[in-house]
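To start, the structure under review is shown below, and the notes come after it.
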Amino acid sequence: SMASYWGWSVGGGLIFGLSLACASTVVLLKSLEARGQMDTMSGRIALGWLVVQDLATVMVLVLLPPLATALGGPVLQAGPLKPLWLTLGQTLLQVSAFIALMLVVGRRLLPWLFSLVARTGSRELFTLSVVATAIGIAYGASALFSVSFALGAFFAGSVMRESEFSHRAAQESLPLRDAFSVLFFVSVGMQVSPMVLVDEPLRVLGVVAVVILSNALVSLSLVLVLRYPLSTALTIAAGLAQIGEFSIILAGLGLSLGLLPSEGMSLVLAGVLLSIALNSFLFRAVEPLRRWVLSRSALARQLEQRQDPTAELPVSTERQFLEGQVVLVGYGRVGRRIAQALQANAIPYVVAEQNRELVEDLRRQGIAAVSGNAADPAVLIQAHIARAAMLVVASPDAVYIHKMVETALALNPGIEIILRTHSEEESQLLRKEDVGLVFFGEEELAKGMSSHVLQRFKPVAAHSTI
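As numbered in this note's numbering, residues 650 to 1115 make up the sequence shown, in order.
Structure (structure tokens):
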């Protein structure tokens, strides 16, 4: 409606709207990593959301060129126009042929190619081969199959994942990913014309308002409808209230097809820059906003307190899980291994996990579990923290560790606490506070490896001393 008010065509308005709806995966990943929320329920939902969104955007990039004329774009070919169904059919056939070639040939060729390169023992050559393969497939998709560069790169990554060297390829390309992320932000800044802020300040404000408010409200509403906690909904809303790389790609394609005016491209770039700049402030406002909403809105309190069968332990839970048990917060890669060790030694434990589906699966296996954010005192109360022997926080969510510890000590002053941290600074801070035993991942890994090395050479050292 905003684009039609400005007098743009239907196609221009469609491209503009799609551009303002595509949140940036790069920005979201950086925000979640900076806050230690990658492995939390909020992080997993937000990333899953953007993966689906990126796939849908790739299909839009595929279908947009053949639909450009029907959407009001100029006629780009000489001679009589082909029927729309024929154009779409040819496009889908080309895309299907490319995908089939990648799945059939690529799955066999790429692992063989990477194994040959890996045998050389050259790290630089391996990295170069990964980059060259990705760019080569993307360019070939564009030149031979008329498939967008983005779709070609996407399928290149998908096929690389099938190789046994996929983890090494991902690790070797991490520095490049960070470098390209920096270049992306630099390029956005270079493309934005400061004059658009002076000439069209109201339109820029309107674009930023649509990006932040519309994306946030839609995601907030959907997450709440799916019965997730308010804190999860607010975190996801903050993460999706920005636009980035796909918005620029869509706007650029719309501009090249004659659908989007040049002013629209400038507004999209301004929206990208300002929404990314404001995104960190939105994340910081999540927790204060949650407290404010709960204190002012009866409806919000009802949504937060609505009945969830996984939020309480079943009445039939045996007494061994209600007294003297271990309360295990988080059932991810670390929490799962701790649970297996406890179960192998017949030590009763209760899992507190944000993922409701995972909690339901644990209960089907006969494991006592409650769903919810353990920073909420109600969740630890349901796990019977007041009579527990130990609290083990295996979740990497550094933001809420202090709240969990405060609740546990308030309800059970004598409880033993074991904490997991992801950063050296956080581990040092927690050790100074002397709230419990703190494990820092890299430090413990180094200790384990050092112990094994010293154990191996201990007889040699003793012999040389004699």
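By construction, the Cβ of each residue, glycine as well, lies at the ideal position given by its N, Cα and C atoms.
Of the residues the options, the one placed nearest residue i, counting alpha carbons only
i            : options                 : result
residue 669  : 884, 916, 1002 and 1006 : 916
residue 884  : 774, 936 and 841        : 936
residue 888  : 906, 867 and 975        : 867
residue 781  : 750, 749 and 825        : 825
residue 677  : 891, 653 and 652        : 891
residue 708  : 691, 1105 and 737       : 737
residue 993  : 1007, 972 and 1016      : 1016
residue 673  : 735, 990, 689 and 699   : 699
residue 714  : 970, 705, 899 and 910   : 899
residue 717  : 1033, 906, 928 and 749  : 906
residue 925  : 749, 846, 838 and 1055  : 838
residue 1128 : 940, 767 and 751        : The question about residue 1128 has no answer, for the chain in this structure spans 650 to 1115.
residue 756  : 805, 969 and 710        : 805
residue 652  : 967, 989, 855 and 742   : 855
residue 695  : 940, 665 and 869        : 869
Distance, residue j Cα to residue i Cα
i            : j            : result
residue 843  : residue 655  : 21 angstroms
residue 978  : residue 822  : 33 angstroms
residue 861  : residue 684  : 20 angstroms
residue 886  : residue 776  : 36 angstroms
residue 1096 : residue 923  : 45 angstroms
residue 1117 : residue 703  : The question about residue 1117 has no answer here: the residues shown for the chain are numbered 650 through 1115.
residue 728  : residue 712  : Low per-residue confidence applies at residue 728: pLDDT is 46, beneath 50, and the placement is therefore not dependable, though the value from the model is reported in the following sentence. Approximately 22 angstroms, taken between the alpha carbons.
residue 1107 : residue 1101 : 10 angstroms
residue 765  : residue 975  : 49 angstroms
residue 793  : residue 744  : 11 angstroms
residue 881  : residue 996  : 31 angstroms
residue 894  : residue 901  : 11 angstroms
residue 950  : residue 986  : 36 angstroms
residue 1071 : residue 1087 : 11 angstroms
residue 1049 : residue 1024 : 6 angstroms
residue 667  : residue 735  : 25 angstroms
residue 802  : residue 791  : 10 angstroms
residue 876  : residue 754  : 44 angstroms
residue 705  : residue 671  : 10 angstroms
residue 982  : residue 682  : 17 angstroms
residue 878  : residue 1026 : 14 angstroms
residue 847  : residue 836  : 21 angstroms
Exposure label - residue i; buried when at least 16 CB within 10 Å
i            : result
residue 1004 : buried
residue 930  : exposed
residue 1001 : buried
residue 740  : buried
residue 657  : buried
residue 1089 : buried
residue 788  : exposed
residue 747  : buried
residue 1014 : exposed
residue 809  : buried
residue 1068 : buried
residue 769  : exposed
residue 701  : exposed
residue 946  : exposed
residue 691  : buried
residue 816  : exposed
residue 832  : exposed
Where the alpha helix (DSSP H) containing residue i begins and where it ends
i            : result
residue 854  : 850 to 858
residue 906  : Taken as a continuous stretch (DSSP letters only), residue 906 belongs to no alpha helix (DSSP H), as it is neither H nor E.
residue 1054 : 1050 to 1060
residue 753  : First-last for residue 753: undefined, no H or E at that position.
residue 709  : 690 to 716
Delimiting residues of the beta strand (DSSP E) encompassing residue i
i            : result
residue 998  : 998 to 1002
residue 1070 : 1065 to 1070
residue 1017 : Where residue 1017 is concerned, there is no enclosing beta strand (DSSP E), given that its DSSP letter is neither H nor E.
residue 665  : It is not in any beta strand (DSSP E) - residue 665 instead sits in the alpha helix (DSSP H) that spans 659 to 670.
Cut-off 7 angstroms between Cβ atoms - residues of its own chain near residue i, not counting five sequence neighbours on either side
i            : result
residue 720  : 659, 660, 663 and 908
residue 758  : none
residue 1028 : 1001, 1019, 1021 and 1022
residue 904  : 911 and 914
residue 938  : 883
residue 675  : 830, 833, 893 and 894
Contacting residues, own chain, Cβ-Cβ under 6 angstroms from residue i (five flanking each side not counted)
i            : result
residue 1074 : none
residue 840  : 918
residue 1044 : 978 and 979
residue 1115 : Any reading at residue 1115 must be qualified, since the residue scores a pLDDT of 49, below 50, and its modelled position is unreliable; no value is offered.
residue 998  : 974, 975, 977 and 991
residue 942  : 949
CB contact check: residue i to chain B, cutoff 7 angstroms
i           : result
residue 934 : The displayed structure is made up of one protein chain only, and chain B is not part of it.
Contacting residues, own chain, Cβ-Cβ under 8 angstroms from residue i (five flanking each side not counted)
i            : result
residue 1099 : none
residue 762  : 778 and 782
residue 1064 : 1034, 1037, 1038, 1039, 1040, 1057 and 1058
residue 834  : 925
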